[in-house]
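K.L.:
Taken in sequence, the protein lines are chains L and G.
Just so we're aligned, residue 20 is where the first sequence starts under our numbering, counting upward by one.
Just so we're aligned, residue 5 is where the second sequence starts under our numbering, counting upward by one.
All residues carry an ideal CB built from backbone N, CA and C; glycine is no exception.
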Amino acid sequence: MKANSLTLHPLLAALISGGMLMAAQHASAATTITIGTVNNGDMVRMQGLSKEFETAHPDIKLDWVVLEENVLRQRLTTDIATKGGQFDVVTIGMYETGLWGKKGWLTPITDLPTDYDVDDIFPSVRDGLSVDNNLYALPFYAESSMTYYRADLFKEAGLSMPEQPTWDQIKGFAEKLSHPDKEQYGICLRGKAGWGENMALFTTMVNSFGGRWFDEQWKPEFTTAPEWKEALSFYVDLLGKYGPPGASTNGFNENLALFNSGKCAMWVDATVAGSFVTDKSQSKVSDNVGFAFAPHQTTDKGSHWLWAWALGIPASSKKVDAAKTFIEWATSKGYTDLVAKKEGIANIPPGTRFSTYSAEYKAAAPFAQLTLDSMQSADPMDSSAKPIPYVGVQYVTIPEFQAIGTQVGKLVSGALAGQMSIDKVLEDAQASVSRDMKRAGYIKD
Amino acid sequence: MMLTLKQTRQLRTFLLGLLAWAVGLVMFFPIFWMILTSFKTELAAFASPPELFFTPTLENYVEIQQRSGYFSFAWNSVVVSFGSTIIGMLIAVPAAYSMAFYESKRTKSTLLWMLSTKMLPPVGVLMPIYLLCKNTGLLDTRTALVIIYTLINLPIMVWMVYSFFKEIPKDILEAARLDGATPLQEISRVLLPISKGGLASTMLLSLILSWNEAFWSLNLTASKAAPLTALIASYSSPEGLFWAKLSAVSTLACAPILIIGWLSQKQLVRGLSFGAVK
């Protein structure tokens, strides 16, 4: 008996010490947070620099899930709606932040440290990411839209681009600079169907022609007001006559490739493209790019958009503290300084903070001042000359807009491709959007 | 000038050969272009007119390995596609055996019913399957993908094995039975050796289908179980031109299965054209 108890002791001791060791290891184990994000230059840069974060915070490990934009949106919606808890940090746009924040799908971001300096963030961006004055995501980079043009071609033709062109002036320039025989097209614009593709640009066009998506009773205005028809006729005519072939399938990337290879005399698109078109490693025309405000027509209200890519924390995350530490780091002034130091000041994430626009940055990035001015003047609360019941410049912040915007986007793209007449497009859009809005309960009979 | 019968035949063979080559080249062209683009710089990747001759670079491949760690994705692909294929075969062979050799009046409708499960678009069952995986703790695990791929490919596997077994005369099995073979021995000693080629092509097809499957792998995995299809998707960019890198990652993802397919094309062709020449 005694011998037995003696032999048991070392075993017990080993078990207990082993257990304690495991517990100690567990206690010191790092928290791993999973970040769902998209693949673009700024995000890739953040992924590369995140090692610095891990060194500074040895108790937090980062797991990256990079997905295509639409897949990411679908994944996040499924995960958040079912409380799957697969993601601790999510990359979302302004549109989702407003909607998801309202539904309680995101953790409100409160108690930001003083040195984070939340007041340094542009008010328009901060408002776009807030619901009832509560921030639901922190902005990583933000953009508006502007006009890019080939200064060399303008000079050759004896033309000069005004700082704030109208769409009519743009058409005049496009006519003079279009030489399809030399594969040089007057203008490149988005034509690919999608609420975030052609409809982002086309909605700003409708706004600048004085139109709006919905009247105060949430009734669509495709056929009941003249602006949609004017804008659509103008767009189809402009791009049909002076645009590249197959314009109805061109999105941001396709137009960027065309512009960078010297095939477009003008291009109206996101301000974030400024750093791409001036980057020697990816643009053949980097030395000859000029910048102007996005065109307006009868009004400049809503003529340029506002968008931000932001980092939020789903309400289903169980690692909120670690996730918050990370998003604070990635959107801080310190991170901007880190990018400037490691990758050059022209590569810092644009459009979110006043402090970004230092004299040094403006000198390195010729498009910086225009981006700054466009960002500050874009107002999602007041994006049309007429009164609007919704928030958003190039989109409408209602859950139904993704489907509605893409449906109308397909019709607009069809008109551009010559498959449908302009009247038929507008009639179809009026019928289908009215039906959707009735079904969703916005329009009461 | 009149052609002799032999000359006509030769001409026909030559023309058919030419046509086959032309069709083959057209089908291979996108893959060829993808491989070519993967060795270009980003600037050269979207050059117009496209550059056929250029100084090749390995920078895209280096960056992919640095940024994403190709091998963990590749390992997930291997485990998931081989796992689902092996489990699928273990179920498909006995199922096809019973249907081919002990046919009942419901066999045909059972086969059709199995195939009908392939007609539902996958997204229709996304939510139930997502919730099932979530509640059983299988989200972002290779187990979930193995189970789903097995279920997805099973109807096709059963159909294929069934058609191979159908070709084998029943008498051979009866002879084995007279010699005292049990059903298991019938399968392992008689059926499997005879239908080796057919089974190999079934396995290959299942491997390829599982390797290339993207819908479920994108929706059910995050960082731990993501296979190569998820790696490709991660290089598609909403804002920015990364065509060369996208081509490089696609080349890396296709390469293993392309090589396996190349090495076993004989079995694959036999399996795929089976029944067509009957």
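Reducing DSSP to helix, strand and coil, say where residue 217/L ends up.
P.N.:
Position 198 of the first sequence, counting from 1, holds the residue named residue 217/L. Residue 217/L: helix per DSSP, three-state reduction.
K.L.:
Using a Cβ-Cβ distance under 9 Å, would residue 424/L count as near chain G?
P.N.:
Reading the first sequence from its first residue, position 405 is the one you call residue 424/L. By this cut-off, residue 424/L is not an interface position.
K.L.:
Using a Cβ-Cβ distance cut-off of 9 Å, determine whether residue 223/G contacts chain L.
P.N.:
Within the second sequence, the letter at position 219 stands for residue 223/G. Yes, because at least one Cβ of chain L sits closer than 9 Å to the Cβ of residue 223/G.
K.L.:
Please determine if the segment 55-72 of chain L and the segment 348-363 of chain L are in contact, where contact requires at least 3 C-beta pairs separated by less than 8 Å.
P.N.:
With a cut-off of 8 Å, the segment 348-363 of chain L and the segment 55-72 of chain L count as touching, because enough Cβ pairs lie within range.
K.L.:
Any contact between the segment 213-224 of chain L and the segment 413-429 of chain L? By contact I mean 3 or more CB pairs, one from each, below 8 Å.
P.N.:
The segment 213-224 of chain L, when compared against the segment 413-429 of chain L, does touch it at the 8 Å Cβ threshold.
K.L.:
Nearest by alpha-carbon distance to residue 73/G: which of 231/G, 193/G, 242/G is it?
P.N.:
In the second sequence, residue 73/G corresponds to position 69, counting from 1. Considering only alpha carbons, the answer is 231/G.
K.L.:
May I ask you to report which of helix, strand or coil DSSP gives residue 164/L?
P.N.:
Along the first sequence, read from residue 1 onward, the residue named residue 164/L stands at position 145. Here residue 164/L sits in strand by DSSP.
K.L.:
Who are the Cβ neighbours of residue 237/L in its own chain at under 7 Å, not counting the five residues just before and after it?
P.N.:
Here residue 237/L refers to the residue found at position 218 when the first sequence is read from its first residue. Excluding sequence neighbours, residue 237/L sits near 408, 456, 461, 462.
K.L.:
Using 9 Å as the threshold, is the C-beta distance between residue 359/L and residue 167/L below it?
P.N.:
Within the first sequence, numbered from 1, the residue matching residue 359/L stands at position 340. Within the first sequence, numbered from 1, the residue matching residue 167/L stands at position 148. No; because the gap between Cβ atoms is not below 9 Å, this pair is not in contact.
K.L.:
For the segment 319-328 of chain L and the segment 196-212 of chain L, state whether three or more C-beta atom pairs, one from each stretch, are separated by less than 8 Å.
P.N.:
Judged by Cβ distances under 8 Å, the segment 319-328 of chain L makes no contact with the segment 196-212 of chain L, as fewer than three pairs qualify.
K.L.:
Which residues in chain L sit within 8 Å of residue 226/G, going by Cβ to Cβ distance?
P.N.:
Taking the first residue of the second sequence as position 1, residue 226/G is located at position 222. The contacting residues are 53, 55, 82, 84, 105, 106.
K.L.:
Quick one, are the C-beta atoms of residue 106/L and residue 226/G less than 9 Å apart?
P.N.:
Here residue 106/L is taken as the residue at index 87 of the first sequence, counted from 1. Here residue 226/G is taken as the residue at index 222 of the second sequence, counted from 1. In contact: residue 106/L and residue 226/G (Cβ atoms closer than 9 Å).
K.L.:
Against chain G, with Cβ distances strictly below 9 Å, would residue 73/L count as a contact?
P.N.:
Stepping through the first sequence from its first residue, residue 73/L is reached at position 54. For residue 73/L, the answer is no, since every Cβ of chain G falls outside 9 Å of its Cβ.
K.L.:
Here's a check: name, in chain order, each residue in its chain whose Cβ is nearer than 8 Å to the Cβ of residue 3/G, leaving out the five neighbours to either side.
P.N.:
No information on residue 3/G is available, as it lies outside the stretch 5 to 282 that chain G covers here.
K.L.:
Just the C-alpha distance for residue 250/L and residue 445/L, rounded to the nearest angstrom, thanks.
P.N.:
Residue mapping note: residue 250/L aligns to position 231 of the first sequence, counting from 1. Residue mapping note: residue 445/L aligns to position 426 of the first sequence, counting from 1. So the two alpha carbons sit approximately 11 Å from each other.
K.L.:
Any Cβ of chain G within less than 9 Å of the Cβ of residue 293/L?
P.N.:
The residue given as residue 293/L occupies position 274 in the first sequence. Not an interface residue.
K.L.:
Taking the alpha-carbon positions, what's the residue 346/L to residue 255/L distance?
P.N.:
Residue numbering aside, residue 346/L sits at position 327 when the first sequence is read from its first letter. Residue numbering aside, residue 255/L sits at position 236 when the first sequence is read from its first letter. Residue 346/L and residue 255/L: Cα-Cα distance of roughly 42 Å.
K.L.:
Taking the runs of the alpha helix (DSSP H) that are 4 residues or longer, which of them lie wholly in the segment 87-174 of chain G?
P.N.:
Listed in chain order, the complete alpha helix (DSSP H) runs (minimum 4 residues) inside the segment 87-174 of chain G are 111-120, 130-139, 146-171.
K.L.:
When DSSP labels each residue in this structure, what does residue 152/L get in the three-state scheme?
P.N.:
For the purposes of this step, residue 152/L is taken as residue 133 along the first sequence, with counting starting at 1. Coil at residue 152/L, not helix or strand.
K.L.:
Tell me residue 285/L's beta-bridge partners as DSSP assigns them.
P.N.:
Taking the first sequence and counting its residues from 1, the one referred to as residue 285/L is at position 266. Partner(s): 168/L.
K.L.:
Counting pairs of Cβ atoms below 8 Å between the segment 204-223 of chain G and the segment 87-104 of chain G, do you hit three or more?
P.N.:
Verdict: yes, contact present.
K.L.:
Return the first residue and the last residue of the beta strand (DSSP E) that residue 330/L is part of.
P.N.:
Taking the first sequence and counting its residues from 1, the one referred to as residue 330/L is at position 311. Taken as a continuous stretch (DSSP letters only), the beta strand (DSSP E) holding residue 330/L covers 326-331.
K.L.:
Grab me the residues of residue 49/L's own chain with a C-beta within less than 8 Å of its C-beta, minus the 5 sequence neighbours each way, in chain order.
P.N.:
Here residue 49/L refers to the residue found at position 30 when the first sequence is read from its first residue. Excluding sequence neighbours, residue 49/L sits near 77, 78, 79, 80.
K.L.:
Does residue 20/G come out as helix, strand or coil in the three-state DSSP assignment?
P.N.:
Within the second sequence, numbered from 1, the residue matching residue 20/G stands at position 16. Of the three classes helix, strand and coil, the one that applies to residue 20/G here is helix, per DSSP.
K.L.:
Just to make sure I have the definition right: I need the residues of chain G whose C-beta is within less than 8 Å of the C-beta of residue 233/L. Which are they?
P.N.:
Along the first sequence, read from residue 1 onward, the residue named residue 233/L stands at position 214. The contacting residues do not exist; residue 233/L stays about 27 Å from chain G at best.
K.L.:
Give every residue of the same chain whose Cβ lies closer than 6 Å to the Cβ of residue 430/L, excluding the five residues on either side of it in the sequence, and list them in chain order.
P.N.:
Residue 430/L sits at position 411 when you count from the first residue of the first sequence. Correct list, in chain order: 444, 447, 448.
K.L.:
Three or more C-beta pairs closer than 8 Å, one from the segment 82-96 of chain L and one from the segment 301-308 of chain L: is that the case here?
P.N.:
No, they do not touch.
K.L.:
According to DSSP, is residue 61/G part of a helix, a strand, or is it coil?
P.N.:
Position 57 of the second sequence holds residue 61/G. Note: residue 61/G maps to coil in three-state DSSP.
K.L.:
Take the Cβ of residue 32/G as the centre, count every other Cβ of all protein chains shown within 10 Å, and call the residue buried at 16 or more, exposed below.
P.N.:
Position 28 of the second sequence, counted from the first residue, corresponds to residue 32/G. With fewer than 16 other Cβ atoms within 10 Å, it is exposed.
K.L.:
Within the same chain, show all residues whose beta-carbon is closer than 6 Å to that of residue 452/L, passing over the 5 residues directly before and after it, in chain order.
P.N.:
What you label residue 452/L is simply residue 433 of the first sequence in a count that begins at 1. So the qualifying residues of the chain are 239, 423.
K.L.:
List the residues of chain C that residue 143/G touches, going by C-beta distances under 9 Å, in chain order.
P.N.:
Considering every chain present, this structure includes no chain C. Its protein chains are L and G.
K.L.:
Beta-carbon within less than 8 Å of residue 127/G's beta-carbon, same chain only, minus the 5 sequence neighbours each way: which residues are those?
P.N.:
Stepping through the second sequence from its first residue, residue 127/G is reached at position 123. Correct list, in chain order: 219.
K.L.:
Look up residue 122/L in the DSSP assignment and say whether it is helix, strand or coil.
P.N.:
The residue labelled residue 122/L in the question sits at position 103 within the first sequence. Residue 122/L: helix per DSSP, three-state reduction.
K.L.:
Below 9 Å on C-beta distance, what does residue 172/L contact in chain G?
P.N.:
Mapped onto the first sequence, residue 172/L falls at position 153. In chain order: nothing, as chain G lies at least about 17 Å away.
K.L.:
How close, in whole Å, do the beta carbons of residue 157/L and residue 425/L come, if the pair is a contact with beta carbons under 8 Å?
P.N.:
For the purposes of this step, residue 157/L is identified with residue 138 of the first sequence, where counting begins at 1. For the purposes of this step, residue 425/L is identified with residue 406 of the first sequence, where counting begins at 1. No, residue 157/L and residue 425/L are not in contact; Cβ-Cβ is about 28 Å, not under 8 Å.
K.L.:
Keeping to the same chain, check which residues put their C-beta closer than 7 Å to that of residue 44/L; ignore five residues upstream and five downstream.
P.N.:
In the first sequence, counting from the first residue as 1, residue 44/L sits at position 25. Residue confidence for residue 44/L is low, a pLDDT of 47 falling below 50, so the modelled location carries little weight; the figure read from the coordinates is stated next. Cβ neighbours of residue 44/L beyond the five flanking positions: none.
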